[in-house]
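Asker: Submitted below is the structure of interest, expressed as structure tokens.
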Amino acid sequence: MPGSYLDRTSRPIYALAFLAGFIIFYELGTILINPEALQRSLTLLKGRVVTFLWIQGLLEYIGFTRQMTWVATPLVVVVILLALQLTSRTPWRVRYKDFIPMNIECIVMAVPLVVLSLMFNSRPTEPQIPNQPVAAVWTMPTMPMISTEGTVSSVAATPSSESARSNFDSLLTDIVTAIGAGIYEELVFRLMLLILLMMVFQDLFNFSDSQAIVFSIVISALLFSLHHHLLFIDGRFQAGEPFVLKPFVFRTLAGMYFALLYAVRGFGIAAGTHAFYDIIAALIKAYVINGQA
């Protein structure tokens, strides 16, 4: 129904306003956990979301300095959503009281992924916990540790007296990464890739709308899952996580789920759901798997 909560919150301007805080948190959080972020190579920073690196790399290639890309990369999100809002010809008014139910909706929409992760990770001799983060990250070459079947995390060896600080830093890195993945993986694999694939299948191959939608969702989901195992960094392919069928299938299904959310509820809810699922996975990793106090 026009003007309803579902109609309002699916608009691009709502996605921009809703995600603005997430975007700022990701930028500031990345600098907080990497104080040297503006000087070091982008690929040497802790917990960098691969799709964020892609956009930064593209901006550097066309002439932006490394420092400028820290501002320009989130502006890519802003410009795309503003362009979509302009072309949608929908109202620009945003009701900020809608943000609370939007956050709740994203958390609720993350629950099916938690259940799916339980199904994929349940073993007779182990706790059944959702330990399957969705994000692909580039980590520092310090002490690579596959702490779950998902994200490869990097943990530096510290004395026991510093373990609490190390645990907090690890959790903060995971949460920052979760938020970045929600925004930039959805931007690349849903907002950009889905539209591109739809154009290819409809304009070049003359597929029907339903055929183009199905093929676009499946292919984008497969590529989304694959990019966790085969990383494209600094202009070359590099090995990511070792290929294991269960995580690959899980992320493919998650990619299809996010695509459907994007189609039905818009970019804001899809990105928010992705971020909240990864945050839940990070908290479970910290307080259940690793047993932090």
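In this text, residue positions in the sequence shown follow the numbering used here: the first is 10, and each later residue adds one. Just so you know, even glycine gets a beta-carbon here, dropped at the ideal spot from N, CA and C. Note that this is a predicted model, so its numbers are computed, not measured.
With a CB to CB cut of under 6 angstroms and the five nearest residues on each side skipped, what residues in its chain are close to A291?
Answerer: Within the sequence shown, numbered from 1, the residue matching residue 291 stands at position 282. The residues are D183, I184, A187.
Asker: Buried or exposed: where does G30 fall if 16 or more other Cβ atoms within 10 Å of its Cβ makes it buried?
Answerer: Here residue 30 refers to the residue found at position 21 when the sequence shown is read from its first residue. That one is exposed.
Asker: Quick one: is V124 buried, meaning 16 or more other Cβ sit within 10 Å of its Cβ, or exposed?
Answerer: The sequence position of residue 124 within the sequence shown is 115, counting from 1. Result: exposed.
Asker: Can you give the beta carbon distance from A268 to S229, rounded, assuming they're within the 8 angstroms contact cut?
Answerer: By 1-based counting over the sequence shown, the position of residue 268 is 259. By 1-based counting over the sequence shown, the position of residue 229 is 220. Correct: roughly 6 angstroms between the Cβ atoms.
Asker: The alpha helix (DSSP H) spanning L37 covers which residue range?
Answerer: For this step, residue 37 is matched to residue 28 along the sequence shown. Run containing L37: 21–42, per the alpha helix (DSSP H) assignment.
Asker: Can you list, in chain order, the residues of its chain with a C-beta nearer than 6 angstroms to that of T99? Leave out the 5 residues immediately preceding and following it.
Answerer: Here the question's residue 99 lines up with position 90 in the sequence shown. Once the five neighbours on either side are set aside, the close Cβ partners of T99 are R20.
Asker: Closest by CA to L270, which one among E195, L206, F241?
Answerer: Counting from one through the sequence shown, the residue named residue 270 turns up at place 261. Out of E195, L206, F241, E195 has the C-alpha closest to the C-alpha of L270.
Asker: Please give me, in chain order, every unbroken run of the beta strand (DSSP E) with length at least 3 that falls completely inside the region 209–245.
Answerer: 239–242
Asker: Using the Cα positions of Y70 and I192, report the straight-line distance between them to the nearest angstrom.
Answerer: Working through the sequence shown from its first residue, we reach residue 70 at position 61. Working through the sequence shown from its first residue, we reach residue 192 at position 183. So the alpha carbons of these two residues sit roughly 22 angstroms apart.
Asker: So, are the CB atoms of G277 and F27 less than 7 angstroms apart?
Answerer: One-based indexing of the sequence shown puts residue 277 at position 268. One-based indexing of the sequence shown puts residue 27 at position 18. Closer than 7 angstroms, so yes.
Asker: At which residues does the alpha helix (DSSP H) containing T96 begin and terminate?
Answerer: By 1-based counting over the sequence shown, the position of residue 96 is 87. That run of the alpha helix (DSSP H) goes 75–97.
Asker: Once the 5 residues before and after Y266 are set aside, which same chain residues still bring their CB inside 6 angstroms of it?
Answerer: Sequence index remark: in the sequence shown, residue 266 carries index 257 (1-based). Correct list: empty, nothing qualifies.
Asker: To the nearest angstrom, how far is the alpha carbon of I109 from that of N215?
Answerer: Here residue 109 refers to the residue found at position 100 when the sequence shown is read from its first residue. Here residue 215 refers to the residue found at position 206 when the sequence shown is read from its first residue. Approximately 42 angstroms, taken between the alpha carbons.
Asker: Roughly how many angstroms lie between the CA atoms of W79 and S126, to the nearest whole one?
Answerer: By 1-based counting over the sequence shown, the position of residue 79 is 70. By 1-based counting over the sequence shown, the position of residue 126 is 117. Whole-angstrom Cα-Cα distance: 33 angstroms.
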